[in-house]
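Protein sequences appear in the order of chains H and P.
The first sequence begins at 1 in full-length UniProt numbering and counts up one residue at a time.
The second sequence begins at 1 in full-length UniProt numbering and counts up one residue at a time.
Idealized CB from N, CA, C, for every residue including glycine.
As the structure is a prediction and not an experimental result, all values here were calculated from the model.
One structure below.
2 protein chains.
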Amino acid sequence: MAVYTDISEEELGAFLGEYPVGELLSYKGIAEGTENSNYLLHTFGGAFILTLYERRVDKADLPFFLGLMEHLARKGVTCPLPVHRRDGQTIGELAGRPAALITFLEGMWMRRPTPQHCREVGKALAGLHQAAADFPLTRKNALSPGGWMHLWEGAKGRADEVEPGLEREVEAEFAEITRYWPTDLPSGIIHADLFPDNVFFLGGKVSGIIDFYFACNDLLAYDIATCLNAWCFEKDTSYNLTKGAALLAGYQSVRPLEPSEAEALPLLARGSALRFMLTRLHDWLTIPDGALVNKRDPMEYVRRLRFHRQVAAPTEYGIDIA
Amino acid sequence: MAVYTDISEEELGAFLGEYPVGELLSYKGIAEGTENSNYLLHTFGGAFILTLYERRVDKADLPFFLGLMEHLARKGVTCPLPVHRRDGQTIGELAGRPAALITFLEGMWMRRPTPQHCREVGKALAGLHQAAADFPLTRKNALSPGGWMHLWEGAKGRADEVEPGLEREVEAEFAEITRYWPTDLPSGIIHADLFPDNVFFLGGKVSGIIDFYFACNDLLAYDIATCLNAWCFEKDTSYNLTKGAALLAGYQSVRPLEPSEAEALPLLARGSALRFMLTRLHDWLTIPDGALVNKRDPMEYVRRLRFHRQVAAPTEYGIDIA
Chain H
1 MAVYTDISEE ELGAFLGEYP VGELLSYKGI AEGTENSNYL LHTFGGAFIL
51 TLYERRVDKA DLPFFLGLME HLARKGVTCP LPVHRRDGQT IGELAGRPAA
101 LITFLEGMWM RRPTPQHCRE VGKALAGLHQ AAADFPLTRK NALSPGGWMH
151 LWEGAKGRAD EVEPGLEREV EAEFAEITRY WPTDLPSGII HADLFPDNVF
201 FLGGKVSGII DFYFACNDLL AYDIATCLNA WCFEKDTSYN LTKGAALLAG
251 YQSVRPLEPS EAEALPLLAR GSALRFMLTR LHDWLTIPDG ALVNKRDPME
301 YVRRLRFHRQ VAAPTEYGID IA
Chain P
1 MAVYTDISEE ELGAFLGEYP VGELLSYKGI AEGTENSNYL LHTFGGAFIL
51 TLYERRVDKA DLPFFLGLME HLARKGVTCP LPVHRRDGQT IGELAGRPAA
101 LITFLEGMWM RRPTPQHCRE VGKALAGLHQ AAADFPLTRK NALSPGGWMH
151 LWEGAKGRAD EVEPGLEREV EAEFAEITRY WPTDLPSGII HADLFPDNVF
201 FLGGKVSGII DFYFACNDLL AYDIATCLNA WCFEKDTSYN LTKGAALLAG
251 YQSVRPLEPS EAEALPLLAR GSALRFMLTR LHDWLTIPDG ALVNKRDPME
301 YVRRLRFHRQ VAAPTEYGID IA
């Protein structure tokens, strides 16, 4: 939960004067997202989300993120549409920070997704991959194997504080994952952070995909692997095969996987688990106790990593290989 | 900022089934209020605030708080209206906590109120006092002089950590304030926490008064004294006479003060400053650094206390004594 920057009604009113959204009626800081400050606005023109980009977001990436959302929304993906200012821009400045106004999407994120939700998110992810295929901008994934090493270098000396032996275990993972990491699979734009809190549902259907601030060019199947980690494990870190099968079937109902992609799933899922373990470990070691940002247990992702390490074949994820 | 309790869409849907508000469209935890968890809901029936009462609120007080809001709203005070469940109740239970649904009020609270805002809030406060006069329930003020002593006993041993000499200064204040505290002034229901974040404006007019969770029976002029502390000091703790005069004139345009009330203002303002200093001091000493709740500096209220101590006559607040 996060509102890092408070804004006054005068400065917000001045900012909104550039947008064709009518008069401001209310704005509330919302306790969602961990990187930026978000406000839910009501204006005469409707409901909007105002995002102030805090220091962890590189301003140079904003045209990619906002352009992607606009591209996807215009192709029918249920994601927020950036509102253009009267000067044509989608990026303004507020309280000394880059800021954007995007449409508000109704819907609820699922604290306890069912297999049916997993099927729908699989379909939505494949739809996103297809719709993004002709987006002209590109962005390198800062959190692919090369970027992980950077996080790891800063954290590994203290990894054993989380669990004795963790440093050695992760070192071995790194060696193996980077050695076998595939490079010749279908690639394109991926969401890269499609966790349940980034997908809204209404009436059992996906009504909104949000938070494109990790989107980048990478292997499409890596995005699926992240969804398996994010959606298909229970609280006790047991893999729910029914959910996994539903997610994969949903995805394949829109875009069937190539055999090489299916084959790579266990390794991609290990890599994805490692990536989220590393960011959590970094936060765990650097954020003071009780701070505004929720610290999440890196061990949840170590346990996923261990699960994926013992997977012998992609069929163990419930994938239906044609 | 605060959302202490997360809720799932299933449990919220079940809860809302008891209310005639139509289907749920979205809910977002909002980063306002410090005592309870608040969500902004959109349903087919409109926008609502859902409040989950956390442990600092006594459940036995809820009929007073919610009944008062309903009483005031029906008398035309712009405050939230509690929504009745199908069984007639306004208090339900959600996630193991008492919970209520109230109408959402558009409007913005003023981070930098002007004298005109102060005039409007004075008028609104007097209107609230008048509208509440025939509310049949009563509630004792837990934070009147008797209650302050309880907070002070727990904090005074460490008061000098905030500023050397503070313990002795506050002890002397206590002796003087309790000795001269008036008992024969007009009393009734007061808001008791009418800070800028609890008053919304639209188009220069008050569009909403919220957060009645300190409301109680006490001296009406004590509520005015709290507003002087909350609205009429600048960031450097200088008293803004123009704002004070506007607030008092606004109040008196609706309900003229009796001479004894005006006379008591300096002492009431000292008491009010002491009360808010004490709750801040308590939080300052007991809440861990970096916790979810914003810790506010008790010294801001020590400085107000010192200002009021040197006030020789109520006219120094800008009051127009008829």
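Coil, strand or helix - residue i by DSSP
| i | result |
| --- | --- |
| Ile224(H) | helix |
| Ile177(P) | helix |
| Thr237(H) | coil |
| Tyr4(H) | coil |
| Met108(P) | strand |
| Leu185(H) | coil |
| Gly46(H) | strand |
| Glu35(P) | coil |
| Glu300(H) | helix |
| Glu93(P) | strand |
| Val254(H) | helix |
| Lys243(H) | helix |
| Lys295(P) | coil |
| Phe135(P) | coil |
| Val206(P) | strand |
| Leu166(P) | helix |
| Phe201(H) | strand |
| Leu305(P) | helix |
For residue j and residue i, the rounded distance between their alpha carbons
| i | j | result |
| --- | --- | --- |
| Leu41(H) | Ile49(H) | 6 Å |
| Trp231(P) | Gln89(H) | 38 Å |
| Thr183(P) | Ala264(P) | 10 Å |
| Tyr39(P) | Asn36(H) | 19 Å |
| Asp134(P) | Lys28(P) | 36 Å |
| Ala155(H) | Asp236(P) | 43 Å |
| Ile321(P) | Arg158(P) | 42 Å |
| Ser253(H) | Glu120(H) | 10 Å |
| Gln130(P) | Cys118(P) | 18 Å |
| Pro314(P) | Arg139(P) | 29 Å |
| Gly33(H) | Asp218(P) | 42 Å |
| His150(P) | Ala31(H) | 34 Å |
| Cys227(P) | Arg56(P) | 23 Å |
| Leu16(H) | Leu202(H) | 29 Å |
| Gly146(P) | Pro196(P) | 26 Å |
| Leu268(H) | Ala246(H) | 19 Å |
| Ile209(H) | Glu153(P) | 52 Å |
| Glu54(H) | Glu176(H) | 35 Å |
| Tyr239(H) | Phe233(H) | 4 Å |
| Glu93(P) | Phe174(H) | 49 Å |
| Ala225(P) | Gly96(H) | 36 Å |
Chain P contact residues for residue i, given Cβ-Cβ distances below 7 Å
| i | result |
| --- | --- |
| Gly165(H) | Going along chain P, no residue has its Cβ under 7 Å from Gly165(H), so there is no contact; the nearest lies around 30 Å. |
Nearest-angstrom Cβ-Cβ length linking residue i and residue j, presumed shorter than 8 Å
| i | j | result |
| --- | --- | --- |
| Ser8(P) | Arg112(H) | 6 Å |
| Pro80(H) | Thr103(H) | 5 Å |
| Gly250(P) | Gly122(P) | 3 Å |
| Leu220(P) | Pro186(P) | 5 Å |
| Asn229(H) | Arg304(H) | 5 Å |
| Val302(H) | Glu163(H) | 7 Å |
| Lys59(H) | Pro98(H) | 5 Å |
| Leu194(P) | Leu105(P) | Rounded, the Cβ-Cβ distance is 15 Å, inconsistent with contact. |
Boundaries (first-last residue) of the beta strand (DSSP E) holding residue i
| i | result |
| --- | --- |
| His84(P) | Taken as a continuous stretch (DSSP letters only), His84(P) belongs to no beta strand (DSSP E), as it is neither H nor E. |
| Asp218(H) | 216–219 |
| Pro98(H) | 97–103 |
| Tyr27(P) | 24–29 |
| residue 323(P) | With chain P running from 1 to 322 in the structure shown, residue 323(P) is simply not present. |
Residue i - containing alpha helix (DSSP H), residue span
| i | result |
| --- | --- |
| Glu54(P) | First-last for Glu54(P): undefined, no H or E at that position. |
| Lys123(H) | 115–132 |
| Phe65(P) | 62–74 |
| Leu267(H) | 259–286 |
| Ala14(P) | 9–16 |
| Pro145(P) | 145–155 |
Contact set between residue i and chain H, taken where Cβ atoms lie within less than 8 Å
| i | result |
| --- | --- |
| Leu24(P) | Met108 |
| Asp6(P) | Arg111 |
Proximal residues of chain P, C-beta to C-beta of residue i below 8 Å
| i | result |
| --- | --- |
| Gly29(H) | Met1, Ile30, Ala31, Glu32 |
| Asp58(H) | Under the 8 Å cutoff, chain P gives no residues; its nearest Cβ is about 25 Å from Asp58(H). |
Contacts of residue i in chain H (Cβ-Cβ under 9 Å)
| i | result |
| --- | --- |
| Glu9(P) | Met108, Trp109, Met110, Arg111, Arg112, Phe201 |
| His42(P) | Ala47, Phe104, Glu106 |
Residue-chain proximity (residue i, chain B), Cβ-Cβ < 7 Å
| i | result |
| --- | --- |
| Glu10(P) | Among the protein chains in the structure shown, which are H and P, there is no chain B. |
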